[in-house]
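Engineer: Sequential numbering from 1 applies to the sequence shown in our numbering.
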Amino acid sequence: MILLNDIHYTQLTATHHCAIARLQPIGTRLWRDHSTALTPITLSTSSLDKASLSSQTFCIVSPSYNPASDFSSLAATKQDLLNKKIKRQSQRTGVRILLNRLLAELGIADTLDESAFPYRLKNHRHYVCFSHSADRVAVALSFDSAIGIDIEVNSVAWQVAKRFYHPSEIAMLEQLSLDKRDYLVRLLWQIKESLIKINQITLAAGLGRADLPLVQTLIEYDSADNNADNTIKNNSSARELFIKLNQDAQHRVAYITDYQTIVVF
Numbered sequence: 001m002i003l004l005n006d007i008h009y010t011q012l013t014a015t016h017h018c019a020i021a022r023l024q025p026i027g028t029r030l031w032r033d034h035s036t037a038l039t040p041i042t043l044s045t046s047s048l049d050k051a052s053l054s055s056q057t058f059c060i061v062s063p064s065y066n067p068a069s070d071f072s073s074l075a076a077t078k079q080d081l082l083n084k085k086i087k088r089q090s091q092r093t094g095v096r097i098l099l100n101r102l103l104a105e106l107g108i109a110d111t112l113d114e115s116a117f118p119y120r121l122k123n124h125r126h127y128v129c130f131s132h133s134a135d136r137v138a139v140a141l142s143f144d145s146a147i148g149i150d151i152e153v154n155s156v157a158w159q160v161a162k163r164f165y166h167p168s169e170i171a172m173l174e175q176l177s178l179d180k181r182d183y184l185v186r187l188l189w190q191i192k193e194s195l196i197k198i199n200q201i202t203l204a205a206g207l208g209r210a211d212l213p214l215v216q217t218l219i220e221y222d223s224a225d226n227n228a229d230n231t232i233k234n235n236s237s238a239r240e241l242f243i244k245l246n247q248d249a250q251h252r253v254a255y256i257t258d259y260q261t262i263v264v265f
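#1: Residues bridged to Phe-130 by DSSP?
#2: In the DSSP output, what is Ile-149 paired with across the bridge?
#3: Between Leu-188 and Asp-179, what straight-line distance do the alpha-carbon atoms span, to the nearest angstrom?
#4: Does the count of Cβ pairs from the region 202-214 and the region 102-114 closer than 8 angstroms reach three?
#5: Assign Glu-193 to one of two classes, buried (16 or more other C-beta atoms within 10 Å of its C-beta) or exposed (fewer than that).
#6: Quick one: what's Thr-13 bridged to in DSSP?
#7: Considering Cα atoms alone, identify which of Ala-140, Leu-184 and Ala-134 is closest to Ala-157.
#8: On the DSSP letters alone, give me the boundaries of the beta strand (DSSP E) that Ala-254 sits inside.
#9: Here's a check: name, in chain order, each residue in its chain whose Cβ is nearer than 6 angstroms to the Cβ of Met-172, leaving out the five neighbours to either side.
#10: If you follow the alpha helix (DSSP H) that Tyr-183 is in, where does it begin and where does it stop?
#11: Whose C-alpha, out of Ser-133, Lys-87 and Leu-98, is nearest the C-alpha of Tyr-259?
#12: Hey, quick one: how far does the alpha helix (DSSP H) through Arg-120 stretch, first residue to last?
#13: Output the boundary residues of the alpha helix (DSSP H) element that contains Ala-205.
#14: How would you label Ala-14, buried or exposed, when you count the other beta carbons within 10 angstroms and need 16 or more for buried?
#15: Secondary structure at Asn-5, three-state DSSP: helix, strand or coil?
#16: Specify the secondary structure class of Arg-125 as computed by DSSP and reduced to three states.
#17: Look at the Cβ atom of Ile-147, then the Cβ atom of Ala-140, and state whether they are nearer than 8 angstroms.
#18: On a Cα-Cα basis, can you pick out the residue from Leu-12, Val-95, Ala-205 and Thr-93 that is closest to Tyr-165?
#19: Could you tell me the alpha carbon to alpha carbon distance between Pro-118 and Glu-174, rounded to whole angstroms?
#20: Using the Cα positions of Ala-19 and Tyr-127, report the straight-line distance between them to the nearest angstrom.
#21: Can you tell me the Cα-Cα spacing of Met-1 and Ile-219, whole angstroms?
#22: Would Val-264 and Ile-170 qualify as a contact pair, given that the criterion is a beta-carbon distance under 8 angstroms?
#23: For Asn-235, which residues of its own chain have a beta-carbon under 8 angstroms away from its beta-carbon, when the five flanking residues on both sides are left out?
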């Protein structure tokens, strides 16, 4: 069973909504109960006849065999794989539970149609988009057009950005201080990820698309934000800023700062 904590609902416009929540941690006791390595045994070949040897397979090991040294890395790998599987399942289930909570909050009775991208509600045909990062899950709902959402708990490494972003964007970002650069690298990544979900294009194509006016807008926004009054900066509702995308006048960006979430609609 998946539980959601710290649910935050946001109405972006009359026809655009989103919800963000934290997944309750899931323990791995089940794995630990079944992950103890079997201890090998030493067999004496003198007590075995040829018939038994031909019909059975034995593992002959040295009495000094240390299972901990040989199995520790294998057990760690299995543990990591299981944890990743549990995490993916939790995130997949969590976003769908959160969608149901958002629909209930809006008084909408419907179910998700996952037969094609972008996802839509079966009856109302509203557009749905999911995102997750670590123990955070997010869902966006649009009544009239495709919507994109991206939540990022972790920063985006500069080397990763240099591999995917357009060289002209990198050149602009390199002029900034390290803190400001890293902050805007993540914001730009989230906007691009959201647009990828809307336009249904590849990751490389979406991240590599140059949008210099957007980068400049983000730089100016960050400078203005740093000069804002502290009482405003500490109010998450007041800081849900809307940015109009220059590359596509039909789309806007909402930045929910306290939850490091970007919504493009």
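Note that CB positions come from ideal geometry on N, CA and C, so glycine has one too.
Structural biologist: Reading off the structure:
#1: Residue numbering aside, residue 130 sits at position 130 when the sequence shown is read from its first letter. Paired residue(s): Val-139.
#2: Here the question's residue 149 lines up with position 149 in the sequence shown. Paired residue(s): Val-263.
#3: Along the sequence shown, one-based indexing puts residue 188 at 188. Along the sequence shown, one-based indexing puts residue 179 at 179. Each residue's alpha carbon lies about 14 angstroms from the other.
#4: no
#5: Reading the sequence shown from its first residue, position 193 is the one you call residue 193. By the neighbour-count rule (16 or more Cβ atoms within 10 Å), Glu-193 is buried.
#6: If you number the sequence shown from 1, residue 13 lands on position 13. Bridge partners of Thr-13: His-16.
#7: By one-based count along the sequence shown, residue 157 stands at place 157. The shortest C-alpha separation from Ala-157 is found at Leu-184.
#8: Your numbering for residue 254 matches position 254 in the sequence shown. In the DSSP assignment, Ala-254 falls within the beta strand (DSSP E) that extends over 252-256.
#9: Translated into positions along the sequence shown, residue 172 becomes position 172. The answer, listed in chain order, is Val-215.
#10: Here residue 183 refers to the residue found at position 183 when the sequence shown is read from its first residue. Per DSSP, Tyr-183 belongs to the alpha helix (DSSP H) from 178-199.
#11: Within the sequence shown, residue 259 is the residue found at index 259, counting from 1. Closest by alpha carbon: Ser-133.
#12: The residue given as residue 120 occupies position 120 in the sequence shown. Here Arg-120 belongs to no alpha helix (DSSP H); instead the beta strand (DSSP E) covers 119-121.
#13: Within the sequence shown, the letter at position 205 stands for residue 205. Start and end: 203-208.
#14: In the sequence shown, the residue the question calls residue 14 occupies position 14. Exposed: under 16 other Cβ atoms inside 10 Å.
#15: Translated into positions along the sequence shown, residue 5 becomes position 5. DSSP places Asn-5 in strand when its eight states are reduced to three.
#16: The residue labelled residue 125 in the question sits at position 125 within the sequence shown. Three-state DSSP puts Arg-125 in coil, outside helix and strand.
#17: If you number the sequence shown from 1, residue 147 lands on position 147. If you number the sequence shown from 1, residue 140 lands on position 140. Closer than 8 angstroms, so yes.
#18: Here the question's residue 165 lines up with position 165 in the sequence shown. If we check each option's Cα against that of Tyr-165, Ala-205 comes out closest.
#19: In the sequence shown, the residue the question calls residue 118 occupies position 118. In the sequence shown, the residue the question calls residue 174 occupies position 174. Taking the straight line from one Cα to the other gives about 35 angstroms.
#20: Counting from one through the sequence shown, the residue named residue 19 turns up at place 19. Counting from one through the sequence shown, the residue named residue 127 turns up at place 127. Computed Cα separation, rounded: 14 angstroms.
#21: The residue labelled residue 1 in the question sits at position 1 within the sequence shown. The residue labelled residue 219 in the question sits at position 219 within the sequence shown. Using only the alpha carbons, I get a separation of about 43 angstroms.
#22: Along the sequence shown, one-based indexing puts residue 264 at 264. Along the sequence shown, one-based indexing puts residue 170 at 170. Not closer than 8 angstroms, so no.
#23: Counting from 1 along the sequence shown, the entry for residue 235 is found at position 235. Confidence at Asn-235 is low in this model, with a pLDDT of 40, below 50, so its placement is unreliable and the value that follows should be read with caution. The answer is none, since no qualifying residue turns up.
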